[in-house]
Structures are given as structure tokens and as C-alpha cells.
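Read the structure below first, then the notes.
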Amino acid sequence: MENNNTYNVKELAHKLMQGTISPDEKIWLDAWYANFSDEEVLLSASKYQTPEQLRESILNKITARMETPVKPARKVITLWRSIAAAAAVVLLVTFAALYKNEVLEVVDPAKQVELVTSPGKHRQISLPDGTRIWLNPGSKISYPDKFRAKERLVKLEGEAFFDVVHDEDHPFVIQSGQLKTVVLGTSFNVKAYPDEIISEVTVISGKVAVQEHDLPKSKQAIMVLNQRAVYNKTNRSLIKQDYPNASKFLSQRTGLFSYDGASLQNVTDDLSLQYGIRVNLAPGIAQSGFYGHINTNEPVDKTLNKLCAVMDLRWSKLNNGYYLQPLPPNN
């Protein structure tokens, strides 16, 4: 077999078998075949007895390859199958992304957790996102054991210190009565007892937005370090104030209170909330200044003894509460 100066017969034969031969190459190969001497390839052991038989066999094979392009068709079908499979995967992933929470709520529904602290007892807890909360005595908090919604919502009655883990896509929201506090990641104190007219949100770090639950964002107050929002339930007023002593909540969250001239009325108000008791003061002593430290983790009797020793007072139980009055003149 001889090679043409332009084409190589073996290469064209391979292209013909693969279905990649060009029209010009096919014309040349046909012309070459027409002048081909079949006797050159006849072997003594061949099943073909004449050159005509060999030529007919080769021609039939070539014709079959030309008329039935099996491999390209199979490639096309395989390609479309691959595209369909890829599309199915995309649809599945999209569905999972859009409805993941709904599916999880069916398979593994979130449960609501509710914790209550008794008078005189503090409690520190960690939420599913890593946020830490110091719950004051006489307070109640509820939250889901899995955060799956757009907002990380908790409900609070009472007082708690929050150290919130930052998550820009899932704001942390505290619902305390009519007051709504929204944060991304910061530390702050919320004081919102159901039977108290005044609620307060004090910021120790970061930024916090506070608004009445059913009012628009235009009515909200934005606080940063050493600021607080004071909400009055009676007239539904929300006021932002500077509060340089905000860091005091870092110790108060564990029951340790420090006073530097605070009125006795303010001190006993704190004791009332911490211990769940009523403290009444004798006339004329409510505005007396108190300097000192109080650990509300100690029994209430011990705390009142310390307070009275500093202030020259005495205490007694009266009508299911406590009554503080000055010591008699001879003492």
C-alpha cells in the first residue's frame, strides 16, 4: 500500500471508522479505493477466495459505518442524560436551600425551652448559637432549642444580661412585653419586669435597637456603649439616655451590687427584685445615701443585717414584708 503525497491512507481509514473524516478526505479515499489492487492484501488463510469478495466485504463495512453513526448518537444521548441529571441536582439543591428549615421542622422540630429563676437565685445559660445569658432572680426566659428562623427570637420577663454571638444574617431579637430589642452581636442588659412601669435596655458594648413592638422602625432608639433606652408603659414613651455607669451590669449579672452614694430607696428596690420581697422604709430615710457592696447571693437576712449596720438602721418583718427604720436614739 502506498501513501499519497497529500493524505495517509491509514489515518483516513481510522477517521472513517471514528466518523470524523472530512468530505474532501472521503472523496480522496474513495478515489484511492477505486484504484486499489485487492490482490495485495489477500492471504493464503483468508476466508475470501477472490478479490471481488474482499472488495465487497470492505465496501459493506464502509457503507455500514457511513449510514449508521452509532457512536456520535450515543454521545448525544449521553450528553443529554448528563444535562438532565445535572438539572435534577440543581433543582434538588435549590429546593433544599429554600425549604431546608421547613423540612427540618418536619423531621426534627424545634422545641421551646422555658427557664425560670426563683428569688435570690441567678442562672447562667448558653443558647444554641453560643450566646450567653445571665438570668436575674425572679425572671423567665423562653427560646427554641434550635435557631432556624431569620431572627433568633427569645422572650424575657424580668431582667437578664446578654452577651450575643454576632450573626449578621440572623439578628438576635428579645421580646419583653411591648418592648422589642434587636441586636447583631453585643452585650447589654434588659430589665423588663411585667409588673414594673419602666423597662430599660442598657448597652455595655456594640449597638442595640429598641422599639415598641407594634411601632415602625422610625420610632426606634439606637444605643451604643454607655447608653440606655427607658420605656414607660403608661404613656408609651421611649427615651434614649447617656449612662456612663453601664459597666456595673458586668458584676450585677452575678448578683454583686456596688453603690457609691445611691439612695436607700434605690438600694431596697434592687433588693426587692433580687429577693422577691417587699421592703418598706420609715419616713425620712428613703433619700439617704448608701456606699458599699451587697452580694445578693447571700440570704436576705444576712444582707439586711449588713445594710442596716452601715446605715444605722434596724429591720423587722411586717405584713409579709420587711420594714427598715432608724435605730432608737439611745443606741
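Going by the working numbering, the first residue of the sequence shown is number 1, and it counts up by one from there. Glycine included, every Cβ here is placed at the ideal spot set by N, Cα and C.
Item                                                                                                    : Value
Straight-line gap, residue 328 to residue 273 (C-alpha atoms, nearest Å)                                : 29 Å
As assigned by DSSP and simplified to three states, the class of residue 277                            : coil
Contact check, residue 241 vs residue 230, beta carbons under 8 Å                                       : yes
One or two residues paired with residue 198 in a DSSP bridge                                            : 232
Nearest candidate by alpha-carbon position, reference residue 295, set 305, 190, 7, 149                 : 305
Residues sharing a beta bridge with residue 257, DSSP                                                   : 294
Rounded Cβ spacing between residue 417 and residue 136 (contact assumed at less than 8 Å)               : Because the chain here runs from 1 to 331, residue 417 falls outside it and cannot be looked at.
Sequence-distant residues of its chain with Cβ nearer than 6 Å to residue 187 (five each side left out) : 163, 204, 205
C-beta contact flag for residue 316 and residue 286 at 8 Å                                              : no
Per-residue burial, residue 138 [other beta carbons within 10 Å of its own, 16 or more giving buried]   : buried
Cβ-based burial, residue 122 [other Cβ within 10 Å; buried from 16]                                     : buried
Alpha helix (DSSP H) segment containing residue 249, residue limits                                     : 249-252
Residues near residue 249 by beta carbon distance below 7 Å, same chain, minus five either side         : 161, 189, 202, 204
Member of 298, 277, 118 whose CA lies at the smallest distance from the CA of residue 323               : 277
For residue 25, the three-state DSSP class (helix, strand or coil)                                      : helix
Simplified DSSP assignment, three categories, for residue 168                                           : coil
Own chain, CB closer than 6 Å to residue 293, minus 5 neighbours either side, in chain order            : 258
Bridge partners - residue 262, DSSP secondary structure assignment                                      : 290
Residue 304, enclosing alpha helix (DSSP H) - first and last residue                                    : 300-311
Reference residue 383, options 155, 268, 307, 183, closest by Cα                                        : Within the shown structure, residues of the chain are numbered from 1 to 331, placing residue 383 beyond reach of any answer.
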